[in-house]
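One rule links them: number in my numbering = place in the sequence shown (from 1) + 299. Built from N, CA and C at the ideal position, the CB exists for glycine as well. These figures come from a predicted structure and were not determined experimentally. Note sheet for the following structure.
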Amino acid sequence: MSNPAPALDLVIFDCDGVLIDSERITNRVFAQMLGELGLTVSEEYMAEQFFGRSAAESVRRAEQLLGRPLPADFEERYGERSRAVLAREVTLMPGVADMLAAIELPSAVASNGLRVKMEITLRATGLLPRFGGRWFCIDDVAQGKPAPDLYLLAARTFAARPSHCVVVEDSPTGIAAGLAAGMTVIGYAAHTPAQRLLAAGAQFVLDDMAYLPALLDAVGRERALQPA
């Protein structure tokens, strides 16, 4: 008799704010550059308005706030400045190293970040070997989050059934993408209030990565009881 298919096929992590503590750094650089153009914004406002957005989406939002186009080279300069700071300062989110060592499911990373930025942050935090060939960025798809393209690409790459995949996300934008892909979504409330993640549709929320292995086991057991 053949063995039954596993209850879960794949866990897919967002990168920034889930595995890597980078968003506070990039938001700081972005706010500094907006300040140089005469727009002063707080860190709290940055988190509210730009959290989970791609660089291009952030530029469009900044132009709305400014009421005029940003300089033509703004996005390029922002990329250069933020990547330089990330290479020096970026760290793993608390508990990530131990969590990754504890989970047994196949895993991947899917992010709205550009490939050049992701390679820098994954390398700087030591995750590049861990996720070699298993990380996906906005350059890989026609549409970034909240579209489901990134998560569906990860599932196709590993022949994983979307309904048997779990997404770990920390923003409403990413949660929308995971739900649109037909996956179970766990919200990570390190920098985002848990209620905001639940309101966005996350089925589960945690605030400590130490709990994730046990939660994945529980989700797997629950999924095993459901019809195939």
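- Judged by DSSP secondary structure, T325 falls within the alpha helix (DSSP H) whose first and last residues are E322 to E335.
- Contact between R495 and P471 holds: their C-beta atoms lie close to 7 angstroms from each other, under 8 angstroms.
- L364 sits away from L336, with the two beta carbons spaced by 8 angstroms or more.
- The C-beta separation of A407 from F435 comes to about 7 angstroms, placing the pair in contact by the 8 angstroms criterion.
- Residue pairing by DSSP puts I311 in a beta bridge opposite A407 and V466.
- When R520, R422, L385 and T483 are compared, the shortest CA-CA separation from V504 is found for T483.
- Residue state for F503 is assigned as strand, using DSSP reduced to three classes.
- Contact fails between the segment 449-459 and the segment 424-431, because fewer than three Cβ pairs, one in each stretch, are under 8 angstroms apart.
- In the three-state scheme derived from DSSP, where H, G and I count as helix and E and B as strand, L449 is classed as helix.
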